[in-house]
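In mature numbering (1 follows the signal peptide of the UniProt record, and there is no 0), the protein residues as written are -26 to -1, 1 to 301.
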């Protein structure tokens, strides 16, 4: 009994010392530059957003926050690199829905698992849109559905590639509305070039990617996600208004750390993210193209990722798509 008690006391002391050590580490953290890995190339939308947040967090944390672009392998190269980094708070990942919610179901062999990361903070949420070439004889998605049902598979929908966000967004819409589309992958060129030229007729994507062309009258928005109309597009209905209530499709990004990162460090980073998210200039930046800053806690972001997985995994399974990574 004495031996058991000594072991119990020793274990308790060890846990206490670990907790105290983590707290002390977090008080001093950060003492050197922080790296955010972006699994997309320089100049991409995610890269620009990450640099915006990195600049703001630099001022809040008092240490440089730098962006490290590691594109390739359908975002798996950078994501895997971040998963294998030391869990000390100095290497983070800018996570997106594909890497965290559905690539584990889409690819047969993925070099990381979503559970390889600890959530820090969701930074933004961005609405999605069904957008069309002006020549398409449909002014909203109700009319698009009628056209698609009249001639199944005759409407071309552009995507960045098979199994990408745009493709699965379209598959999700088709499953909910009983319609089919010819999804055209543009792996090396922008699908918007094809849409603007009339080579394709529709596209399902984040609103931010097409807002400038919608404003310029080069493309027309058929519907947006969300519970209310977007203030910059008051004449465009929501999918919910048009009776497609389950099409709760949005994109987002947020910070993650390798699993095992000390909880006080995660909380300190999340607090910095929340501070930045509350700044008026940040809200204005995202409001202008269909989004809003979030700045959630680690617990809230963890729950959000789980809820997003529950939406996207059935979409992938219904599509029947299975992909292999190529070197």
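Positions of the beta carbon are idealized from the N, C-alpha and C atoms, including for glycine.
Round the Cβ separation of residue i and residue j to the nearest angstrom and send it over; I've been treating them as touching at under 8 Å.
{"i": "residue 68", "j": "residue 12", "result": "5 Å"}
{"i": "residue 63", "j": "residue 239", "result": "4 Å"}
{"i": "residue 98", "j": "residue 260", "result": "6 Å"}
{"i": "residue 85", "j": "residue 54", "result": "4 Å"}
{"i": "residue 122", "j": "residue 129", "result": "6 Å"}
{"i": "residue 70", "j": "residue 20", "result": "7 Å"}
Within 10 angstroms of the Cβ of residue i, are there 16 or more other Cβ atoms? Answer buried if so, exposed if not.
{"i": "residue 262", "result": "exposed"}
{"i": "residue 296", "result": "exposed"}
{"i": "residue 289", "result": "buried"}
{"i": "residue 114", "result": "buried"}
{"i": "residue 201", "result": "exposed"}
{"i": "residue 233", "result": "exposed"}
{"i": "residue 272", "result": "buried"}
{"i": "residue 89", "result": "exposed"}
{"i": "residue 300", "result": "exposed"}
{"i": "residue 294", "result": "exposed"}
{"i": "residue 284", "result": "exposed"}
{"i": "residue 280", "result": "exposed"}
{"i": "residue 171", "result": "exposed"}
{"i": "residue 184", "result": "buried"}
{"i": "residue 236", "result": "buried"}
{"i": "residue 144", "result": "buried"}
{"i": "residue 258", "result": "exposed"}
{"i": "residue 164", "result": "exposed"}
{"i": "residue -24", "result": "Since pLDDT at residue -24 reaches only 47, below the 50 mark, its modelled position is unreliable, and no value is offered."}
{"i": "residue 298", "result": "exposed"}
Look at residue i and residue j and say whether their C-beta atoms are less than 8 Å apart.
{"i": "residue 50", "j": "residue 14", "result": "no"}
{"i": "residue 181", "j": "residue 132", "result": "no"}
{"i": "residue 110", "j": "residue 176", "result": "yes"}
{"i": "residue 231", "j": "residue 74", "result": "no"}
{"i": "residue 219", "j": "residue 103", "result": "no"}
{"i": "residue 52", "j": "residue 61", "result": "no"}
{"i": "residue 193", "j": "residue 256", "result": "no"}
{"i": "residue 10", "j": "residue 28", "result": "yes"}
{"i": "residue 224", "j": "residue 95", "result": "no"}
{"i": "residue 93", "j": "residue 276", "result": "yes"}
{"i": "residue 127", "j": "residue 155", "result": "yes"}
From the DSSP output, read off the bridge partner residues of residue i.
{"i": "residue 157", "result": "131"}
{"i": "residue 180", "result": "102"}
{"i": "residue 14", "result": "Paired residue(s): none; residue 14 is not in a bridge."}
{"i": "residue 194", "result": "106"}
{"i": "residue 95", "result": "229"}
{"i": "residue 43", "result": "12"}
{"i": "residue 224", "result": "101"}
{"i": "residue 77", "result": "None; residue 77 has no bridge partner."}
{"i": "residue 265", "result": "100"}
{"i": "residue 217", "result": "According to DSSP, which records beta bridges pairwise, residue 217 is partnered with nothing at all."}
{"i": "residue 66", "result": "10"}
{"i": "residue 50", "result": "Residue 50 pairs with nothing; no bridge assigned."}
{"i": "residue 297", "result": "81"}
{"i": "residue 212", "result": "198"}
Of the choices the options, whose alpha-carbon is the least far from that of residue i?
{"i": "residue 36", "options": "121, 246, 144, 274", "result": "246"}
{"i": "residue 207", "options": "79, 101, 52, 231", "result": "101"}
{"i": "residue 8", "options": "224, 25, 20", "result": "25"}
{"i": "residue 344", "options": "105, 215, 149, 187", "result": "Nothing in the structure corresponds to residue 344, since the chain is present only between -26 and 301."}
{"i": "residue 274", "options": "18, 248, 30, 78", "result": "248"}
{"i": "residue 140", "options": "22, 192, 161", "result": "161"}
{"i": "residue 250", "options": "183, 266, 239", "result": "266"}
{"i": "residue 226", "options": "244, 264, 255, 193", "result": "264"}
{"i": "residue 278", "options": "123, 239, 229, 294", "result": "229"}
{"i": "residue 286", "options": "126, 6, 137, 153", "result": "137"}
{"i": "residue 1", "options": "242, 282, 298, 252", "result": "242"}
{"i": "residue 5", "options": "18, 17, 39", "result": "39"}
{"i": "residue 116", "options": "92, 212, 130", "result": "212"}
{"i": "residue 124", "options": "143, 107, 153", "result": "153"}
{"i": "residue 78", "options": "224, 87, 142", "result": "87"}
{"i": "residue 34", "options": "3, 156, 56, 41", "result": "3"}
{"i": "residue 221", "options": "188, 179, 254", "result": "179"}
{"i": "residue 159", "options": "83, 173, 147", "result": "173"}
{"i": "residue 205", "options": "189, 80, 167", "result": "189"}
{"i": "residue 151", "options": "214, 167, 91", "result": "214"}
{"i": "residue 167", "options": "107, 72, 43, 252", "result": "107"}
{"i": "residue 217", "options": "41, 147, 76", "result": "147"}
{"i": "residue 282", "options": "76, 47, 203, 157", "result": "76"}
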